[in-house]
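Following my numbering, the numbering of the sequence shown begins with 609 at its first residue and continues without gaps. Glycine included, C-beta positions come from ideal geometry on N, C-alpha and C. Please read these numbers as outputs of a predicted model, since none were measured by experiment. Below you'll find the structure, written out as structure tokens, and then a few comments.
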Amino acid sequence: MPLEVREVELDEPRPSDVVVRMEAVGICGTELHSIRGDWERPTPSVLGHEGSGVVEAVGDAVTTVKPGDQVVLSWAPSCGDCADCRRGRPAACVNLHRAIGAGTLVDGTTGMTLDGETLYRGTATGCLQELVTVTERVALPIGGGVSLEQAALLGCAALTGVGAVLFAARAEPGEVVLVIGAGGVGQFCVQGARIAGAEAIVVVDPLEQRLELARGLGATHTTGPDGLKALMKEVAPDGADRALDVVGNPETSALALRFTRSGGTCVIVGIPATGERLDLDFGEFNRREKFLTGTMYGSEDPAVALPIMLDHVRAGRLKLQELLGPSYPLEQVNEAFEASLAGSAGRVLVRPGA
Ligand SMILES: [Zn+2]
Ligand SMILES: [Zn+2]
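See the structure below:
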């Protein structure tokens, strides 16, 4: 289903709102699920949940940003009130996930209309537009030193991929990390593994240009799917300490778990299509004592994780420029999605202000 560029009406901002002029919006795998119809979501909807921009206006109650500030958007505002939020796991917030399913913000509103009808928000954000109104908590200041184009990647892919390795897999120095799938998030998993001090980083992907990019970012061993078994036999015959399935389908998750060592941790990072199930062997858990878990948005509060990521960027440990792909103006948004669906090695960006 192609996207259309339309004129929309934004509700009057509330005292706690921030209006952001979007500069760069990354096309994340989640958007591709929406475009392919893998998920049922209300329409009409504005997609986009990974982006950066400049604060245009703020409500009276806003204290953390002011007009002119550069910000990255978090797509996990969270309610601050449910059991998961109180346990410090805002990305698991039940109200957030209800909102994402319903195409709204956490309070159930969307704040936008199209020809007088409710206009929904993709991933509780909907930032693929020139101006977006968000609540203060999700407009996180960048504080200079990073271009807005690069910063867009921090909003989803970087927090998700680096966070998956540091906060979900909890990789440690000297370990072997296996990354299955080297798209945008997978490349950040590679960098997370390097930042964690992994000794070997094995990356598998069918596309050679992605493997080449991964080698430049820290992968020590790369292969297409057919070569994985032989390569693991050579690098880590007992299995990887941490294995990440960044694709998120039953076959790749099974593969990641299989190549996790006894007692090691396997993390499902990619998000499957609705209805997919896993078929698991008990022996992986009772006899081999493996851990299997998932991760959402890097398993850390974005307000905590973003400053950590920015420190890594400024110190040169976390590379963003290498991961930028082609940019398209808003009018060519469908071409941007086509480039992303075709497997562009770098992140495809839409520049609403261009
Ligand atoms: Zn995303
Ligand atoms: Zn909550």
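Find out if the Cβ-Cβ distance for the pair LEU821, HIS829 is shorter than 8 Å.
-> Locating residue 821 in the sequence shown gives position 213, where the first residue counts as 1. Locating residue 829 in the sequence shown gives position 221, where the first residue counts as 1. For LEU821 and HIS829, no; Cβs fall outside 8 Å.
Should ARG644 be labelled buried (16 or more other beta-carbon atoms within 10 Å of its own) or exposed?
-> As a position in the sequence shown, residue 644 is number 36, starting the count at 1. Its Cβ having fewer than 16 others within 10 Å, ARG644 is exposed.
Cβ-heavy atom distance between CYS797 and ligand 1 below 7 Å?
-> To locate residue 797, count along the sequence shown from 1; it is residue 189. Outside the cutoff, so no.
Hey, would you say LEU655 sits closer than 8 Å to LEU736, going by beta carbons?
-> Taking the sequence shown and counting its residues from 1, one reaches residue 655 at position 47. Taking the sequence shown and counting its residues from 1, one reaches residue 736 at position 128. Closer than 8 Å, so yes.
Identify whether MET991 lies in helix, strand or coil by the three-state DSSP scheme.
-> With the chain running from 609 to 962 in the structure shown, residue 991 is simply not present.
What residue does the alpha helix (DSSP H) around PHE796 start on, and which one ends it?
-> Counting from one through the sequence shown, the residue named residue 796 turns up at place 188. 792–804 is the extent of the alpha helix (DSSP H) around PHE796.
Buried or exposed (CB count within 10 angstroms, at least 16 for buried), GLY906 = Translated into the one-based positions of the sequence shown, residue 906 becomes position 298. Result: buried.
Tell me whether GLU908 counts as near ligand 1, meaning its Cβ is closer than 7 Å to at least one heavy atom of that ligand.
-> Looking up residue 908 in the sequence shown gives position 300. No, the beta carbon of GLU908 sits no closer than 7 Å to any heavy atom of ligand 1.
Any chance the CB of HIS641 is under 7 Å from a heavy atom of ligand 1?
-> If you number the sequence shown from 1, residue 641 lands on position 33. No.
Through-space distance from ARG955 to ALA848, alpha-carbon basis = Along the sequence shown, one-based indexing puts residue 848 at 240. Along the sequence shown, one-based indexing puts residue 955 at 347. Roughly 27 Å between the two C-alpha positions.
Just to check, is the beta-carbon of LEU704 closer than 7 Å to a non-hydrogen atom of ligand 2?
-> Against the sequence shown, residue 704 aligns to sequence position 96. Within the cutoff, so yes.
Looking only at its own chain, which residues have a Cβ that is under 7 Å from the Cβ of VAL633, when we skip the five neighbours before and after it?
-> The residue given as residue 633 occupies position 25 in the sequence shown. GLY656, GLU658, GLY659, CYS735, LEU736, ALA760, LEU957, VAL958 and PRO960.
Flag ASP689 as yes when its Cβ comes closer than 7 Å to any non-hydrogen atom of ligand 2, and as no otherwise.
-> Counting from 1 along the sequence shown, the entry for residue 689 is found at position 81. Result yes, Cβ under 7 Å from ligand 2.
Check LEU713 in the structure and name its three-state DSSP category.
-> Sequence index remark: in the sequence shown, residue 713 carries index 105 (1-based). Here LEU713 sits in coil by DSSP.
Flag this pair as yes or no: are the beta carbons of ALA772 and VAL628 separated by less than 8 Å?
-> Your numbering for residue 772 matches position 164 in the sequence shown. Your numbering for residue 628 matches position 20 in the sequence shown. For ALA772 and VAL628, no; Cβs fall outside 8 Å.
Enclosing beta strand (DSSP E) for PHE899 [first to last residue] | The residue given as residue 899 occupies position 291 in the sequence shown. Here the beta strand (DSSP E) through PHE899 covers 899–902.
Nearest-angstrom Cα separation, counted from LEU931 out to GLU842 | Reading the sequence shown from its first residue, position 234 is the one you call residue 842. Reading the sequence shown from its first residue, position 323 is the one you call residue 931. Rounded to whole angstroms, GLU842 to LEU931 spans 29 Å at the Cα level.
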